[in-house]
Amino acid sequence: MSSMAWWVIGKKDLRDMRRSGLFVALLAGLCALILASIVVSAVAFHAQVADYQHYLDALKQAGSTATPANAPEFYPLQQLIGGIEYLEIIGALLAIVIGYGIITKEKSRGTLLLLLSRPLRSKDIAIGKLTALAITWAVFSCCIGFGMVAILLLIGGAHISGIDYVRIIETAALAAVYLFFWSAVGLGLAAWAKQPSTALIVGLMLWLVVVLVLPQIGDTMDPDNQVPGGLFNSLQIARPQQHDIMAHFSGYENGRNYVESASVEKHFERSTFGFTGIKPIYNQQSLGYVFAHLWGNIVTVCAWALGGTLWAIWQCNKKRLLRKESI
């Protein structure tokens, strides 16, 4: 078979996924969930802007020329928080299932034996399937990005600047990398396990620990999260003083950060929250400033994706792919 055998397999998997009702339903459901969350936020954003504008109009009609001292500021990209959270939690779970399914369907149909009976390397199968997954998540992320822009413009009535478009593109690109990582893990587990059920259980346990448990432990250990709205904000402590206070607890804070850093989900969240300005310290900052502070998180997400890819290729050897399920 030609050196492009992996691409032939990749195109075949793309066709299979496009024709699969379950696969289309999973992606459509995830897309609808993410965009519905953004719609709700966009409607609330539009209402807040309209209420404030009505307030200003009422002041003008009353003959007042005073401008409110604490005028609210509205940042449209901050309305993406719900969609990003759904993507990083529910999206990761569905990505595992999709990666798992792309191998188990071949095992259940017996087509792996047919594929490997030809002059085909087992790593070509892995690379082809990973390529199909990468293209799938790239297209999905593009659709989500377009949906975000359309909702903010048409429903939220927001003004999106050129730099905001770049921020959305960066968020969508990193989302594709993050989701691809989880699909690679699902694919590798399906190749590794003798029983398909074992692969699915291990994948769900890994998702539970990495996506839910570790980030929650880190958030719970954060002193500022002990009070709704933030402990420091409730005490009206300025940011420089916050840093001075936390400097006395550097050991504790480093330990908490290590727990959070063990989760790829947390690195993805930090990066995307920085891109979109959801994290206040990055709001309205230049892209250079954001990258200077978050490049480590971005590189970590990409490194996890690369590691997941190499691990999946390693697991997809002929011995594992052809072994029969234990009864």
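Going by our numbering, the sequence shown opens with residue 1223, and the numbers climb by one from there. Glycine included, every Cβ here is placed at the ideal spot set by N, Cα and C.
Proximity winner among 1344, 1284, 1230, 1529, relative to residue 1399 (alpha-carbon distances): As a position in the sequence shown, residue 1399 is number 177, starting the count at 1. Selected option, being the one with the closest Cα: 1529.
Nearest-angstrom Cα separation, counted from residue 1316 out to residue 1544: Within the sequence shown, the letter at position 322 stands for residue 1544. Within the sequence shown, the letter at position 94 stands for residue 1316. Taking the straight line from one Cα to the other gives about 26 Å.
Simplified DSSP assignment, three categories, for residue 1380: Mapped onto the sequence shown, residue 1380 falls at position 158. For residue 1380, the secondary structure class from DSSP, reduced to helix, strand or coil, is coil.
Other residues of its chain near residue 1386: CB distance less than 8 Å, five sequence neighbours each side excluded: The count along the sequence shown starts at 1 and reaches residue 1386 at position 164. If you ignore the 5 residues before and after residue 1386, its C-beta comes within less than 8 Å of the C-beta of 1298, 1299, all in its own chain and listed in chain order.
As assigned by DSSP and simplified to three states, the class of residue 1223: By 1-based counting over the sequence shown, the position of residue 1223 is 1. In this predicted model, residue 1223 has a pLDDT of only 49, less than 50, meaning its place in the structure is not dependable enough to derive any value.
Spatially closest choice to residue 1302 from 1278, 1347, 1255, by CA coordinates: Along the sequence shown, one-based indexing puts residue 1302 at 80. Of the listed residues, the one whose Cα sits closest to residue 1302 is 1255.
Distance, residue 1390 Cα to residue 1282 Cα: Here residue 1282 refers to the residue found at position 60 when the sequence shown is read from its first residue. Here residue 1390 refers to the residue found at position 168 when the sequence shown is read from its first residue. Cα-Cα distance, rounded: 36 Å.
Three-state secondary structure (DSSP) of residue 1254: In the sequence shown, counting from the first residue as 1, residue 1254 sits at position 32. Reduced to three states, the DSSP call for residue 1254 is helix.
Complete beta strand (DSSP E) runs within the stretch 1394-1433 (minimum length 3 residues, chain order): Under the rule that a run must span 3 or more residues, no beta strand (DSSP E) segment is found entirely inside the stretch 1394-1433.
Opening and closing residue of the alpha helix (DSSP H) in which residue 1338 lies: To locate residue 1338, count along the sequence shown from 1; it is residue 116. 1333-1338 is the span of the alpha helix (DSSP H), which, as asked, contains residue 1338.
8 Å Cβ cutoff met for residue 1274 and residue 1412: In the sequence shown, residue 1274 corresponds to position 52, counting from 1. In the sequence shown, residue 1412 corresponds to position 190, counting from 1. Annotated as distal: residue 1274 and residue 1412, with beta-carbon spacing of 8 Å or more.
Whether residue 1433 touches residue 1311 by CB criterion (8 Å): Residue mapping note: residue 1433 aligns to position 211 of the sequence shown, counting from 1. Residue mapping note: residue 1311 aligns to position 89 of the sequence shown, counting from 1. The criterion of a C-beta distance shorter than 8 Å is satisfied by residue 1433 and residue 1311.
Unbroken alpha helix (DSSP H) run spanning residue 1487, endpoints: Taking the sequence shown and counting its residues from 1, one reaches residue 1487 at position 265. That run of the alpha helix (DSSP H) goes 1486-1497.
Spatial distance of residue 1481 from residue 1505 (CA atoms): As a position in the sequence shown, residue 1481 is number 259, starting the count at 1. As a position in the sequence shown, residue 1505 is number 283, starting the count at 1. A straight line joining the alpha-carbon of residue 1481 with that of residue 1505 spans about 26 Å.
Helix, strand or coil at residue 1501 [DSSP, three-state]: Within the sequence shown, residue 1501 is the residue found at index 279, counting from 1. Assignment of residue 1501 by DSSP, reduced to helix, strand and coil, places it in the coil class.
The alpha helix (DSSP H) enclosing residue 1301, as first and last residue numbers: Taking the first residue of the sequence shown as position 1, residue 1301 is located at position 79. Per DSSP, residue 1301 belongs to no alpha helix (DSSP H) and is neither H nor E.
Other residues of its chain near residue 1239: CB distance less than 6 Å, five sequence neighbours each side excluded: Taking the first residue of the sequence shown as 1, we reach residue 1239 at position 17. Excluding positions up to five away in sequence, the list reads 1245.
Beta-carbon proximity list for residue 1401, same chain, < 6 Å, skipping 5 on both sides: Position 179 of the sequence shown, counted from the start, is the residue given in the question as residue 1401. Leaving aside the five residues that flank residue 1401 on each side, the residues in its chain whose CB is nearer than 6 Å to its CB run, in chain order, 1313, 1317, 1359.
Close-in-space but distant-in-sequence residues of the same chain around residue 1253 (CB under 8 Å, 5 per side omitted): Here residue 1253 corresponds to residue number 31 of the sequence shown, with the count starting at 1. Counting only Cβ-Cβ distances below 8 Å, and skipping sequence neighbours, we find 1362, 1365, 1366, 1369.
Coil, strand or helix - residue 1344 by DSSP: For this step, residue 1344 is matched to residue 122 along the sequence shown. Here residue 1344 sits in helix by DSSP.
Neighbourhood of residue 1228 by C-beta distance below 6 Å, restricted to the same chain and skipping five residues each side: Taking the first residue of the sequence shown as position 1, residue 1228 is located at position 6. Taken in chain order, the residues that qualify are 1346, 1349, 1350.
Delimiting residues of the alpha helix (DSSP H) encompassing residue 1524: Locating residue 1524 in the sequence shown gives position 302, counting from the first residue. DSSP places residue 1524 inside the alpha helix (DSSP H), whose first and last residues are 1509-1537.
Cα-Cα separation, residue 1493 to residue 1354: Counting from 1 along the sequence shown, the entry for residue 1493 is found at position 271. Counting from 1 along the sequence shown, the entry for residue 1354 is found at position 132. Straight-line Cα distance between these residues: approximately 25 Å.
DSSP state of residue 1242 mapped onto helix, strand, coil: Within the sequence shown, numbered from 1, the residue matching residue 1242 stands at position 20. Residue state for residue 1242 is assigned as coil, using DSSP reduced to three classes.
As assigned by DSSP and simplified to three states, the class of residue 1548: Position 326 of the sequence shown, counted from the start, is the residue given in the question as residue 1548. Only weak support is given to the placement of residue 1548: the predicted model assigns it a pLDDT of 45, under 50, and the value that follows is read from those uncertain coordinates. Collapsing the DSSP output to three states places residue 1548 in coil.
Option in 1266, 1533, 1226 with minimal Cα separation from residue 1173: The structure shown does not extend to residue 1173, since the chain is modelled only from 1223 to 1549, so the question has no answer here.
Neighbourhood of residue 1320 by C-beta distance below 6 Å, restricted to the same chain and skipping five residues each side: Translated into positions along the sequence shown, residue 1320 becomes position 98. Correct list, in chain order: 1405.
Given residue 1330 as reference, the closest of 1498, 1416, 1236, 1539 once Cα atoms are compared: Start at 1 with the first residue of the sequence shown, and residue 1330 comes out as number 108. If you compare the alpha carbons of 1498, 1416, 1236, 1539 with that of residue 1330, the shortest gap goes to 1416.
Cβ-based burial, residue 1429 [other Cβ within 10 Å; buried from 16]: Start at 1 with the first residue of the sequence shown, and residue 1429 comes out as number 207. Burial call: buried.
Beta carbon of residue 1486 nearer than 8 Å to that of residue 1497: Looking up residue 1486 in the sequence shown gives position 264. Looking up residue 1497 in the sequence shown gives position 275. For residue 1486 and residue 1497, no; Cβs fall outside 8 Å.
Check whether residue 1484 and residue 1352 have beta carbons under 8 Å apart: Position 262 of the sequence shown, counting from 1, holds the residue named residue 1484. Position 130 of the sequence shown, counting from 1, holds the residue named residue 1352. Taking 8 Å as the Cβ cut-off, residue 1484 and residue 1352 do not qualify as a contacting pair.
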